[in-house]
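> Numbering-wise (the UniProt record's numbering), the sequence shown opens with residue 1 and increments by one.
Structure incoming, see below.
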Amino acid sequence: MKLIFMNPNSTESMTRQVVEVARAAAPEAEILGWTNTGGPPAIEGPEHGRQALAGLMAMLPAARAAGADVLVIACFDDTGLGELRAAAHCPVIGIGQAAYHMAALVAGRFSVVTTLAVSVPVLEDNLGRYGLATGCVSVRPSGLPVLAVEKGGAAVIARLAEEMQAARAEGAGAIALGCAGMCGLRGALAALTDLPVIDGVAAAANLGQAIARTVGAGTAA
1 MKLIFMNPNS TESMTRQVVE VARAAAPEAE ILGWTNTGGP PAIEGPEHGR
51 QALAGLMAML PAARAAGADV LVIACFDDTG LGELRAAAHC PVIGIGQAAY
101 HMAALVAGRF SVVTTLAVSV PVLEDNLGRY GLATGCVSVR PSGLPVLAVE
151 KGGAAVIARL AEEMQAARAE GAGAIALGCA GMCGLRGALA ALTDLPVIDG
201 VAAAANLGQA IARTVGAGTA A
């Protein structure tokens, strides 16, 4: 099966990191990463999401030609999910959507640790539309920009760990990492808590496979 991770931003290094994590999570799948070269360098708030939409939509004919079984929006905001789903030839999921559902299945009550406060309303709106708002204890901004998170480092990990600890104190039973740029940090962050730490990229790779199998099995029947 073929999964295409569509990065709404123009940062190629983030696309490469997403693909590396997704391939490790789902080694039996063919996983490609496409970058929205005309998008903003990072998606931070609704205005950046609007700027990225046209480039994402322009990828759809090539995705059909490539024979994609599932498209994955590689941004925790799930940028353009409704529009892409309505126009694509195959199922479309977002890494935020995947992380929320996985966290809800694992723990029931969960918190999201994300980047800047400007993204919080977008994530909260998505949780409501997915029917998962009641299970979300909190959406906690770290104050770290997306590209700083993607670069990682000890200071970034320490700051995110502080928010994870605060979420645990609030009663969260799992942590969803609220940025695609955090996908490479999951191991280091998981070592600092006894809660399940859910990375949306790995979650989407696994759920994407399940969707492809289910849809394919239904079509074959």
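By construction, the Cβ of each residue, glycine as well, lies at the ideal position given by its N, Cα and C atoms.
Computed from a prediction, not measured in an experiment: that's the story for all the values here.
(1) Taking 7 Å as the cut-off, decide whether the C-beta atoms of glycine 39 and alanine 52 are in contact.
(2) Could you give the residue range of the beta strand (DSSP E) that holds leucine 71?
(3) May I ask you to list the residues that DSSP assigns as paired with aspartate 199?
(4) Counting only the same chain and skipping the five closest in sequence on each side, list residues whose C-beta sits under 7 Å from that of threonine 35.
(5) According to DSSP, is arginine 140 part of a helix, a strand, or is it coil?
(6) Using a C-beta cutoff of 7 Å, does valine 156 count as contacting chain C?
(7) Rounded to whole angstroms, what is the Cα-Cα separation between alanine 221 and alanine 63?
(8) Nearest by alpha-carbon distance to isoleucine 175: which of Arg186, Ala169, Leu160 and Pro196 is it?
(9) Using only the alpha-carbon positions, how far apart do alanine 114 and leucine 185 sit?
(10) For alanine 191, which option in Val201, Gln165 and His89 has the closest C-alpha, if you only look at C-alpha atoms?
(11) Anyone know if the C-beta pair for methionine 182 and valine 149 falls short of 7 Å?
(12) Quick one: give me the first and last residue of the alpha helix (DSSP H) that isoleucine 43 is part of.
(13) Rounded to a whole number of angstroms, what is the C-alpha to C-alpha distance between arginine 159 and proline 145?
(14) On the CB-based measure, 16 or more other CB atoms within 10 Å of its CB, does glutamate 170 come out buried or exposed?
(15) Beta-carbon within less than 6 Å of valine 120's beta-carbon, same chain only, minus the 5 sequence neighbours each way: which residues are those?
(16) Quick one: what does DSSP say valine 19 is sitting in, helix, strand or coil?
(17) Return the residue from the list Gln209, Glu47, Cys136 and Ala25 that minimises the CA-CA distance to alanine 107.
(18) Is DSSP giving alanine 220 helix, strand or coil here?
(19) Determine the DSSP secondary structure at leucine 116, reduced to helix, strand or coil.
(20) Residues in the same chain with beta-carbon distance under 7 Å from proline 41, minus the five sequence neighbours each way, listed in chain order, please.
Looking at the atomic coordinates:
(1) If you number the sequence shown from 1, residue 39 lands on position 39. If you number the sequence shown from 1, residue 52 lands on position 52. With contacts defined by Cβ atoms closer than 7 Å, glycine 39 and alanine 52 form a contacting pair.
(2) For the purposes of this step, residue 71 is taken as residue 71 along the sequence shown, with counting starting at 1. For leucine 71, the uninterrupted beta strand (DSSP E) segment begins and ends at 70 to 73.
(3) Taking the sequence shown and counting its residues from 1, one reaches residue 199 at position 199. Within the DSSP secondary-structure output, aspartate 199 pairs in a beta bridge with Leu177.
(4) The residue labelled residue 35 in the question sits at position 35 within the sequence shown. The answer, listed in chain order, is Asn7, Ser10, Glu12 and Thr15.
(5) As a position in the sequence shown, residue 140 is number 140, starting the count at 1. Of the three classes helix, strand and coil, the one that applies to arginine 140 here is strand, per DSSP.
(6) Chain labels in this structure do not include chain C; a single protein chain is all it has.
(7) Translated into the one-based positions of the sequence shown, residue 221 becomes position 221. Translated into the one-based positions of the sequence shown, residue 63 becomes position 63. Model confidence at alanine 221 stands at a pLDDT of 34, short of 50, so the residue's coordinates are unreliable and nothing is read from them.
(8) Walking along the sequence shown from the start, residue 175 turns up at place 175. Relative to the Cα of isoleucine 175, the nearest Cα in the group Arg186, Ala169, Leu160 and Pro196 belongs to Pro196.
(9) Translated into positions along the sequence shown, residue 114 becomes position 114. Translated into positions along the sequence shown, residue 185 becomes position 185. Residue identity check: residue 114 is threonine in the sequence provided, not alanine. Between the alpha carbons of threonine 114 and leucine 185 lies a gap of roughly 13 Å.
(10) Translated into the one-based positions of the sequence shown, residue 191 becomes position 191. Of the candidates Val201, Gln165 and His89, the one whose C-alpha sits nearest the C-alpha of alanine 191 is Gln165.
(11) Here residue 182 refers to the residue found at position 182 of the sequence shown. Here residue 149 refers to the residue found at position 149 of the sequence shown. Against a cut-off of 7 Å, the Cβ pair of valine 149 and methionine 182 comes out as a contact.
(12) Within the sequence shown, residue 43 is the residue found at index 43, counting from 1. First-last for isoleucine 43: undefined, no H or E at that position.
(13) Counting from 1 along the sequence shown, the entry for residue 159 is found at position 159. Counting from 1 along the sequence shown, the entry for residue 145 is found at position 145. Here the C-alpha atom of arginine 159 lies approximately 12 Å from the C-alpha atom of proline 145.
(14) Residue mapping note: residue 170 aligns to position 170 of the sequence shown, counting from 1. Glutamate 170 should be labelled exposed.
(15) Residue mapping note: residue 120 aligns to position 120 of the sequence shown, counting from 1. The answer, listed in chain order, is Val139 and Pro141.
(16) Mapped onto the sequence shown, residue 19 falls at position 19. If DSSP states are grouped into helix, strand and coil, valine 19 belongs with the helices.
(17) Position 107 of the sequence shown, counted from the first residue, corresponds to residue 107. For alanine 107, the nearest C-alpha among the options comes from Cys136.
(18) Here residue 220 refers to the residue found at position 220 of the sequence shown. Caution is warranted here: a pLDDT of 38 is assigned to alanine 220, below 50, making its placement in the model unreliable, and no coordinate value can be reported.
(19) The residue given as residue 116 occupies position 116 in the sequence shown. Looking at leucine 116 - three-state DSSP - the assignment turns out to be coil, as it is neither helix nor strand.
(20) Along the sequence shown, one-based indexing puts residue 41 at 41. Same-chain partners within the cutoff: Asn9, Ser10, Thr11 and Leu147.
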